[in-house]
Amino acid sequence: MNKVFIIGLPRTGTTSVSVALLEHGFKVAHIGLTKKAFEVADVVSDVPCFCDYPQLDKIFPGSKFIYINRPIQPWINSIQMLLTKMAPNLADKTGTFHPILKRCFKQTFGDLSADDLLDEARLKQCYLSHQQAVYRYFADRDDLLTIKLNEPNSLHTLLRFIGVSDNVIADNNTTDFPVLNVGSHVASWGEYKHPNKVNTNLAGVEHRKFFDYQKLGLMG
Numbered sequence: 004m005n006k007v008f009i010i011g012l013p014r015t016g017t018t019s020v021s022v023a024l025l026e027h028g029f030k031v032a033h034i035g036l037t038k039k040a041f042e043v044a045d046v047v048s049d050v051p052c053f054c055d056y057p058q059l060d061k062i063f064p065g066s067k068f069i070y071i072n073r074p075i076q077p078w079i080n081s082i083q084m085l086l087t088k089m090a091p092n093l094a095d096k097t098g099t100f101h102p103i104l105k106r107c108f109k110q111t112f113g114d115l116s117a118d119d120l121l122d123e124a125r126l127k128q129c130y131l132s133h134q135q136a137v138y139r140y141f142a143d144r145d146d147l148l149t150i151k152l153n154e155p156n157s158l159h160t161l162l163r164f165i166g167v168s169d170n171v172i173a174d175n176n177t178t179d180f181p182v183l184n185v186g187s188h189v190a191s192w193g194e195y196k197h198p199n200k201v202n203t204n205l206a207g208v209e210h211r212k213f214f215d216y217q218k219l220g221l222m223g
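Taking the numbering used here, the leading residue of the sequence shown gets 4, the next gets one more, and so forth.
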């Protein structure tokens with residue numbers, strides 16, 4: 004196994020999964036925007052993984068992928084809140100967010116300045132389109148696990164899937180994912196302190212460069 008990528012959409016529980024894996028000894032980046040962050044981390048979640056899983060699959064062969072399947076209506080309510088908060092910073096020219104973050108949200112949700120951005124039917128289609136694309140890509144493969152965080156033993160199922168032994172799982176004595184970023188809260192990852200956290204913008208010998216998909220022949 005090379006890496007673990009959490010490819011569920013934002014507001015599906017990526018922070019909860021990330022924190023749970025920190026507690027099991029993995030180095031985790033919740034959002035990875037540099038090559039160095041990906042090199043150092045054992046696990047990367049959220050941006051850009053939910054968009055770039057085909058490219059990451061090629062760059063890190065042998066990796067495992069986790070798709071989080073959250074019930075659609077609660078997800079819609081949550082993503083409406085997040086998009087409302089983030090919209091000014093996602094704007095093409097004036098937004099302050101990192102270009103990779105802007106790209107991933109635009110790729111997933113379309114025109115971020117659209118009048119119907121928060122429309123329930125539109126967001127439902129975005130969710131289903133992403134889900135169907137994931138399932139098409141990983142069809143007939145055994146390196147994707149789909150989980151629902153509120154189902155019994157889902158954490159144990161994930162840990163076994165990524166190679167954690169039953170003895171280690173039992174020693175840790177953790178049975179459920181932590182419940183984080185509830186309601187309008189979005190900052191749980193930043194507030195959580197742990198030595199295994201990997202900086203989103205970790206710099207290396209190439210400073211804060213990201214993967215050049217075009218040069219690597221991974222576009223399209």
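Cβ coordinates follow ideal geometry from the N, Cα and C atoms, glycine included.
Can you tell which of the options has its C-alpha closest to the C-alpha of residue i?
i	options	result
residue 28	199, 34, 99	199
residue 215	130, 166, 49, 58	58
residue 112	130, 96, 195, 95	130
residue 105	86, 9, 123, 73	86
residue 46	110, 24, 191	24
residue 96	116, 110, 75, 201	116
residue 62	88, 22, 70, 8	8
residue 42	218, 205, 219, 217	205
residue 72	81, 150, 54	150
residue 56	192, 127, 193, 134	134
residue 127	191, 212, 81	81
residue 124	143, 160, 75, 144	75
residue 33	162, 194, 144	194
residue 44	217, 218, 219, 207	207
residue 162	145, 69, 132	69
Need the endpoints of the beta strand (DSSP E) that residue i sits in, please.
i	result
residue 15	Where residue 15 is concerned, there is no enclosing beta strand (DSSP E), given that its DSSP letter is neither H nor E.
residue 147	147-150
Compute the Euclidean distance between the alpha carbons of residue i and residue j, then round it to the nearest angstrom.
i	j	result
residue 164	residue 148	7 Å
residue 66	residue 203	20 Å
residue 154	residue 78	16 Å
residue 157	residue 40	27 Å
residue 20	residue 167	15 Å
residue 17	residue 180	10 Å
residue 49	residue 171	26 Å
residue 140	residue 221	15 Å
residue 35	residue 103	9 Å
residue 64	residue 152	26 Å
residue 108	residue 169	37 Å
residue 118	residue 15	24 Å
residue 91	residue 121	14 Å
residue 30	residue 37	15 Å
residue 110	residue 54	7 Å
residue 94	residue 88	12 Å
residue 197	residue 51	22 Å
residue 26	residue 192	13 Å
residue 6	residue 212	19 Å
Pull up the DSSP beta-bridge partners for residue i, would you.
i	result
residue 197	None, per the DSSP bridge assignment.
residue 33	48
residue 7	46, 67
residue 210	207
Within the continuous alpha helix (DSSP H) that includes residue i, where are the two ends?
i	result
residue 132	123-140
residue 163	157-164
Taking 7 Å as the cut-off, is the CB of residue i close to at least one heavy atom of the ligand COA?
i	result
residue 152	This structure lacks the ligand COA, and indeed carries no ligand of any kind.
Give the list of continuous alpha helix (DSSP H) stretches no shorter than 4 residues that lie fully inside the region 37-111. Runs of the alpha helix (DSSP H) inside the region 37-111: 38-43, 52-62, 75-93.
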